[in-house]
């Protein structure tokens with residue numbers, strides 16, 4: 003069995019506690035509780051439209067199994083509570099009514115990875131896909147048909163030389179159904195997935211939480227040069243498409259972003275600084 007705890011200090015403080023048992027090698031059944039305090043700004047096309055302060059509680063029971071050497075499968079049930087302290091918005095959203103929300107969700111995910119390093123990989127492939135079914139009473143959402151989401155991430159590190167690699171990536175999340183609540187809308191920003199919110203996708207060029215529509219697809223490419231044994235310089239670009247309906251993905255909202263970064267493997271772990279533009 004295993005027991006782990008994580009604490010985050012600062013303005014957005016958080017605590018996480020996990021316990022699990024491993025009945026056989028590479029198989030686990032675990033329980034997790036997460037608490038977060040968030041004070042976040044939301045942007046639309048670069049303009050700030052919301053500020054939200056809320057407490058986030060999450061409880062989860064999940065089963066994981068490694069089918070093959072690099073394939074990990076998981077499924078479970080999760081409870082989420084968004085307890086809003088305040089929600090500020092500009093005049094364009096005067097009719098928006100945001101209140102406390104809770105969800106009982108069912109999820110399944112599949113993860114495959116062959117990267118040679120967890121950070122700054124030079125070769126390998128990573129895929130992560132998930133399906134989530136959202137309810138507020140285990141069977142319905144607001145007395146109607148529940149909504150769901152399909153999300154996926156694909157990255158590949160392709161070596162050009164023993165020091166130069168090209169890293170293409172595709173990220174997407176698609177919401178299925180109607181009456182999607184604000185807390186589960188698509189968002190993107192930053193160069194780290196889930197940096198501020200559980201469903202946030204990365205987007206180089208924006209360090210904020212950018213609100214997007216129900217269908218979101220991001221294509222990215224990175225060129226990374228290793229200098230010496232532990233220093234890296236990267237040039238990155240990405241393009242995002244977003245629409246209310248999947249069939250209109252090429253017709254509605256789009257954004258472009260780019261950046262350059264310097265990173266290193268230090269005695270404290272990987273460090274990286276990035277300069278962005280969108």
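Numbering (our numbering), first residue to last: 3 to 280. Cβ atoms here follow ideal geometry from the backbone N, Cα and C, with glycine treated the same way.
**Asked** Counting only runs that start and end within the region 143-193, where is the alpha helix (DSSP H) found for 4 or more residues in a row?
**Response** With a minimum length of 4 residues, no continuous alpha helix (DSSP H) run stays inside the region 143-193.
**Item:** N- and C-terminal bounds of the beta strand (DSSP E) containing residue 284
**Value:** Past the boundaries of the shown model lies residue 284; the chain is included only from 3 to 280, so the question cannot be answered.
**Item:** Helix, strand or coil at residue 122 according to DSSP, with G and I counted as helix
**Value:** The answer is coil: DSSP assigns residue 122 none of H, G, I, E or B.
**Item:** Buried versus exposed call for residue 252 [16 or more other C-beta atoms within 10 Å across all chains shown]
**Value:** Taking all protein chains shown into account, residue 252 has fewer than 16 neighbouring C-beta atoms within 10 Å of its C-beta and is therefore exposed.
**Item:** Local Cβ density within 10 Å of residue 43, reported as buried at 16 or more and exposed below that
**Value:** By the 10 Å Cβ count, residue 43 comes out exposed.
**Asked** Roughly how many whole angstroms lie between the Cα atoms of residue 160 and residue 257?
**Response** Between residue 160 and residue 257, the C-alpha separation is close to 26 Å.
**Prompt:** Based on Cα-Cα distance, which residue from 90, 65, 102 lies nearest to residue 83?
**Reply:** Ranked by Cα distance from residue 83, the first of 90, 65, 102 is 102.
**Item:** DSSP three-state assignment for residue 52, whether helix, strand or coil
**Value:** Collapsing the DSSP output to three states places residue 52 in a strand.
**Prompt:** Excluding five sequence neighbours on each side, which residues of the same chain lie with their C-beta closer than 6 Å to the C-beta of residue 224?
**Reply:** Scanning its chain for C-beta atoms nearer than 6 Å, with the 5 sequence neighbours on each side dropped, one finds around residue 224 the residues 169, 236, 238, in chain order.
**Message:** Can you tell me whether residue 211 is buried or exposed? The criterion is at least 16 other CB atoms within 10 Å of its CB, across all chains shown.
**Reply:** By the 10 Å Cβ count, residue 211 comes out buried.
**Request:** Look at the Cβ atom of residue 105, then the Cβ atom of residue 80, and state whether they are nearer than 9 Å.
**Result:** Yes, the pair counts as a contact, with Cβ atoms nearer than the cut-off.
**Residue closest to residue 91, alpha-carbon to alpha-carbon, out of 31, 85, 54, 67** = Taking the Cα of residue 91 as reference, the smallest distance to any Cα among 31, 85, 54, 67 is reached at 54.
**Asked** Any idea which residues DSSP pairs residue 57 with across the strands?
**Response** DSSP lists 39, 85 as the bridge partner or partners of residue 57.
**Prompt:** Quick check: the region 225-232 against the region 172-183, are there 3 or more CB pairs under 8 Å?
**Reply:** No contact exists between the region 225-232 and the region 172-183.
**Item:** One or two residues paired with residue 21 in a DSSP bridge
**Value:** Paired residue(s): 5, 33.
**Request:** Determine the extent of the beta strand (DSSP E) in which residue 228 is found, giving its start and end residues.
**Result:** 217-229 is the span of the beta strand (DSSP E), which, as asked, contains residue 228.
**Prompt:** When we look at the beta-carbon of residue 240 and count the other beta-carbons within 10 Å, is it buried (16 or more) or exposed?
**Reply:** Buried: at least 16 other Cβ atoms inside 10 Å.
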